[in-house]
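Numbering follows the working numbering, with no gaps: position 243 of the sequence shown is 242.
For reference, the structure is listed below as structure tokens.
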Amino acid sequence: MRKSIALVLACIVMVVLLVLIGALLSNTVSEKNLSDREKLIVQAVDMAEAGLNHGIDTLRNAILISLDETVAAYRNGNVFTPYTDADLNDRDSLDFLCAFSGLSYVSGSNDVIELSFDSSSLPQDSLLKGLGSYTGKIFIKKQRDASGNILEAYCPDPSDENTFIFPYLFNVEVTAAVFSVSKTLSLEGGEFDLTIQRANFARYALFTNHHRSPQGTTVWFTDRTQFYGPVHTNDRLSFANNPSGYFTDEVTQQLTKARFYDQGRSTLIDADSNPPYDVPTFEAGFQRGVPLLNLESAVTQSDLKTQSLGTMNEPGTNGIYVPNNGSAVTGGIYIRGDSNILMSVDGNDNAVYTITQGSVSKTITVDYTNSQTTVQEGVVSNIYDGIPDGVGDEGVIIFDKGNVTSLSGTVQSQSQVTVSSQDDIVISGHIRYQDYDTSPSLNAVSYANLLGILSWGGDVRIGSSAPSNLDVHAVIMAPHGIFTVDDYRTKASSGDVNLLGGVITDFYGPFGTFWGTSQLSGYGRNFIYDTRMLGAMSPPYYPTARTFTVVAPFLQTDIEDMGLIWRSH
């Protein structure tokens, strides 16, 4: 009897233990399944986030590359006018994208455009390959103002069909799948203004039509050459020594072969470098055999002279003129004869231009706060309403029908200025913006001050008495000349020219000489591109190309800086 009871109790204990073990194993399996699912969810979210980045890149490519290539084929702005005029029953900004970008409306809609993309287009070496997949769509609509009113495309100046603005709103939606788990994420509230405008030559850190001196002499990129911005030539580039130049942005040339020093033998090769002798560094690549970029401008010397003269007839005698009607400025600043120009800032934070022509010196003070211009000659002073910013009110325009034999000084914080001449312009000292930053590198991204230096028929030269390690904050252009250093063969080695801006010239001017890897004379080039020129910004009345281009600064910002709304569905 006792044995039977003990056997029954043992069986009960075994059953209880089996139940407990089963429950424990079941719980362990459930926890493992839950853990695996959580991992898959995390992977799906990561995949969807990668898809959102892919979507932004797809939008950038559609607008900044494909659309830009399409509009570049047109020279007459009237092709864009039907999409920006007041006739909304005609064609609008969404029709424009469909016509020029090949995009399509959402089926059954006439107010939403969609652009699809998916993970199948990822490169084969992508780390995402094999981890899952995603599909996505970009939806583009018209922007609305704070009151909910639709913002239509427009031309800021209908009488001047050179600029057209299209306001858009976009969302990106992505669904990612990792095995049996899917996740949908979206980015919402993206707004950008797409501007169609004449192409801006100021968008290059360096642009040359011929990459040699006017005499045909080769000018080499060496270890004293640094370009922080886009570089292009309609010729071929020349590289000497190892290292032989440092380039942060894309470098392009029209010819298929580059020139390499090759220990003095001068060799032409269709290659990025000639190791171990000539090895430049390209952070964004070196493309050869690209199409010719025409330096032909839609703006002429006559246009700038007209802007500076305003309502005044061209004077027949040398002098310094600020055209006015007796009470207000009606043009810019016009100089006849060679001149010296010193830019400065007075104690009231006004822009000051001290100009000397012959025996006459005038001090022109521009007060942006009160919109007044004071012209002083000796003890005589006259105050006029307005700013000497030409007929088009783009910014201060100074035109010299002669040479500017000395230019230096400080560009006041609110000033946007173009100093233009018929002949040479000589930089005699530092030219600096009042507002600029040196961190993380030299830039003026957050500031308004801007200078253009433009020699129509001559050269822009750095004078023989200019200081070592010369600072030049300006976009420099000599469409029929060069940017060069006077006495570059005999001037003592003087460090670098630290340029914040860009250089656009017909030929490539020499800055110094070298022997082997040693700088013997003149300056090295430390050219830092002013990234503000990538947008719609350029010096006032600056030459533009005859072709059109696309500008959309918002799309060029990093995704984390776009201020988009992130949603999980």
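Heads up, the beta-carbon is just placed ideally off N, CA and C, and yes, glycines get one too.
All values derive from a computational prediction rather than experimental measurement.
Where V70 is concerned, the enclosing alpha helix (DSSP H) starts and stops at D67 to V70. Take L93, set aside five residues on each side of it, and the residues of its chain with a beta-carbon closer than 6 Å to its own are I112, in chain order. Beta-bridge pairing by DSSP links A175 to Y133 and K182. Straight-line measurement puts the Cα of I452 at about 26 Å from the Cα of T489.
Of the residues R264, P279, Q262 and G263, the one whose Cα lies closest to the Cα of A270 is P279. The closest CA to that of Y153, considering only T162, L308 and T255, is found on T162. Under a 10 Å Cβ-count criterion, V379 is classified as exposed, with fewer than 16 other Cβ atoms of the shown protein chains found around its own Cβ. Counting the other CB atoms within 10 Å of its CB gives S517 a total below 16, which places it among the exposed residues. Counting along the chain, Q306 sits inside the alpha helix (DSSP H) bounded by residues Q300 to L308. Boundaries around F95 are those of the alpha helix (DSSP H), S92 to S100, since no beta strand (DSSP E) includes it. In the DSSP assignment, K256 falls outside any beta strand (DSSP E) and carries neither an H nor an E. If you ignore the 5 residues before and after T504, its C-beta comes within less than 6 Å of the C-beta of T207, A477, I481 and F482, all in its own chain and listed in chain order. The criterion of a C-beta distance shorter than 8 Å is satisfied by G523 and D495.
Taking all protein chains shown into account, F510 has 16 or more neighbouring C-beta atoms within 10 Å of its C-beta and is therefore buried. L114 carries a strand assignment under DSSP once its states are collapsed to helix, strand and coil. Residue pairing by DSSP places H472 opposite L499 in a beta bridge. For K182, same chain residues with a beta-carbon under 6 Å away, outside a window of 5 residues either side, are A43, V44, A47 and A175 in chain order. Below 8 Å, enough C-beta pairs join the region 245-258 and the region 281-289 to call them touching: three or more. Rounded to the nearest angstrom, the gap between the Cα atoms of G188 and S115 is 18 Å. The three-state reading of DSSP puts E282 in coil, since its state is none of H, G, I, E or B. Looking only at D234, Y203 and A204, the smallest Cα-Cα distance to V218 is reached by D234. For Q371, the enclosing beta strand (DSSP E) begins and ends at Q371 to E376. Non-local C-beta neighbours of G462 in its own chain, meaning closer than 6 Å and more than five positions away in sequence, comprise V425, S427 and D485, ordered along the chain. Contact between S237 and F226 does not hold, since their C-beta atoms are separated by about 14 Å, which reaches or exceeds 8 Å. Taking a C-beta distance under 8 Å as the contact criterion, A201 and V474 qualify as a contact pair. Scanning G76, Y133, A443 and V177 for the CA closest to the CA of P155 turns up G76.
With contacts defined as CB atoms closer than 8 Å, L303 and S419 qualify as a contacting pair. As DSSP reads the structure, D399 sits in a beta bridge with I334 and S420. For S414, no beta strand (DSSP E) encloses it, and the DSSP letter there is neither H nor E. A Cβ-Cβ contact shorter than 8 Å links L63 with A551. With contacts defined as CB atoms closer than 8 Å, Q300 and Q421 qualify as a contacting pair.
Counting only the Cα atoms, K38 lies some 58 Å from Y507.
The residues K256, A257 and F259, in chain order, have a CB closer than 7 Å to that of I268 in the same chain once the five nearest residues on each side in sequence are set aside. Judged by pairs of C-beta atoms under 8 Å, the region 395-411 does not touch the region 545-563, as fewer than three such pairs exist.
Note on T409: 16 or more other CB atoms within 10 angstroms of its CB, so buried under the neighbour-count rule.
Counting the other Cβ atoms within 10 Å of the Cβ of S414 gives 16 or more, which makes it buried.
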